[in-house]
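Trainee: These protein sequences, in sequence, are chains A and B. Sequential numbering from 1 applies to the first sequence in my numbering. Sequential numbering from 81 applies to the second sequence in my numbering. Glycine included, each C-beta is placed from N, C-alpha and C at the ideal position. The model shown is predicted, which means the values in this text are computed figures rather than measured ones. Pasting a structure here, questions to come.
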Amino acid sequence: MKISVIITLKKDVLDPQGKVIHQTLDGMGFQDINEVRQGKYFEIDTKETDNDKAKAKVEEMCKKLLANLVIENYKIIDPK
Amino acid sequence: MKSSVITFPGSNCDRDMDVALKKFGFKNKMVWHADAELPKSDLVVLPGGFSYGDYLRCGSMASKSKIMQSVINFANSGGMVMGICNGFQILVETGLVPGVLLRNKYLEFICKNVFVKINDKKNKYFKNVDNEVLEFHIAHNEGNYFCTNDQLKKIEDNNQIAINYCDENGKIEDQYNPNGSLKNIAGIFNKEKNVLGMMPHPERMIDTSLSGEDGSLFFKNLINNLK
């Protein structure tokens with residue numbers, strides 16, 4: 001089963017990379033952008049076949065390694 | 081005094097640290113990250129570098145390596161643990177010191193000498209250092225210290241800020257902040273002040289012909305404080 005995780009920076013954390021991407025897009029003519037925030041995306045292929053168990057394991061992975069909860073939020077995408 | 085320097089895959093300041101520690105009288109051992117046992121030590125150093133290629137977040141992989149459980153136990157039992165640069169990044173990922181180190185504010189790798197002001201001398205790292213200001217070297221891409229407001233309040237209430245970026249006279253202002261760190265923070269302690277994480281490299285300032293002597297002051301003082 002494949003489970004996806006999206007990690008984003010928390011609202012109050014400065015994202016200098018997102019800012020530069022915003023400026024560059026702006027310079028390219030995409031001038032109606034309010035803000036760009038950069039994040040991370042993971043695809044985890046697990047042997048677990050039970051949906052809930054797999055999600056619980058991935059949540060543990062997020063808390064222990066994939067995200068730093070001081071600055072980041074994680075969102076687990078339901079496997080289809 | 082016995083010290084141990086942990087080498088992770090991608091560490092590159094481990095041998096500099098070994099040279100510095102030995103120069104000022106430590107009997108130093110190099111310890112591989114995959115070892116489980118920490119040799120008997122009075123000081124454990126997590127050196128600078130790019131452990132695990134800075135994958136995921138700087139220091140995140142190294143913080144989970146086998147030796148780190150022993151280092152965490154050592155720190156929690158009052159042992160002296162110092163993390164320099166990538167070592168500081170590893171320390172924040174273990175949670176031994178609060179906060180995180182973000183990408184530098186202006187997205188540049190910074191490599192230069194800086195001045196830092198000692199904020200607290202009631203600890204074994206800076207006790208009896210005569211100077212208020214030290215000149216150290218920094219070389220990092222992710223040294224922008226950040227923590228939540230709650231954490232900052234606790235850090236300030238417990239006097240856990242070790243050093244702040246400043247000018248040569250010790251003036252702490254925004255213009256002397258190289259990387260955007262909250263409150264110009266260059267280094268912090270854990271609550272008990274036996275764990276120190278800092279971005280500057282004292283081991284790069286131990287030879288007058290190569291650099292400066294403020295690292296020498298730091299190490300001489302440190303070994304005396306540990307005796």
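1) Looking only at its chain, what residues have a beta carbon closer than 6 Å to the beta carbon of B/Tyr-256, apart from the 5 residues adjacent to it on each side?
2) Is it right to say B/Phe-216 is buried, meaning 16 or more other beta carbons lie within 10 angstroms of its own, or is it exposed?
3) Give a yes or no on whether the C-beta atoms belonging to A/Leu-9 and A/Gly-39 are separated by under 8 Å.
4) Mind checking whether B/Met-278 and B/Phe-168 have CB atoms under 8 Å apart?
5) Count the C-beta pairs between the stretch 104–117 of chain B and the stretch 59–77 of chain A that are closer than 8 Å, then say yes if the count reaches three, no if not.
6) If you draw a straight line from the alpha carbon of B/Val-194 to that of A/Lys-55, how long is it in whole angstroms?
7) Check whether the Cβ atoms of B/Asp-96 and B/Arg-284 lie closer than 8 Å to each other.
8) Cβ of B/Cys-227 less than 8 Å from any chain A Cβ?
9) If you follow the alpha helix (DSSP H) that A/Glu-60 is in, where does it begin and where does it stop?
10) Which ranges would you report for the beta strand (DSSP E) in the stretch 252–287 of chain B if only whole runs of at least 3 residues count?
11) Note down, in chain order, all residues in the stretch 137–150 of chain B with a beta-carbon under 7 Å from any beta-carbon belonging to chain A.
12) For B/Asp-287, which option in B/Lys-103, B/Val-85, B/Ser-83 and B/Lys-82 has the closest C-alpha, if you only look at C-alpha atoms?
13) Taking 8 Å as the threshold, find out whether the stretch 122–133 of chain B comes into contact with the stretch 158–176 of chain B through three or more Cβ pairs.
Mentor: Let's see:
1) Tyr-245, Cys-246 and Asp-247
2) buried
3) yes
4) yes
5) no
6) 47 Å
7) yes
8) yes
9) 51–61
10) 265–269 and 275–278
11) Arg-137, Ser-140 and Lys-144
12) B/Lys-103
13) yes
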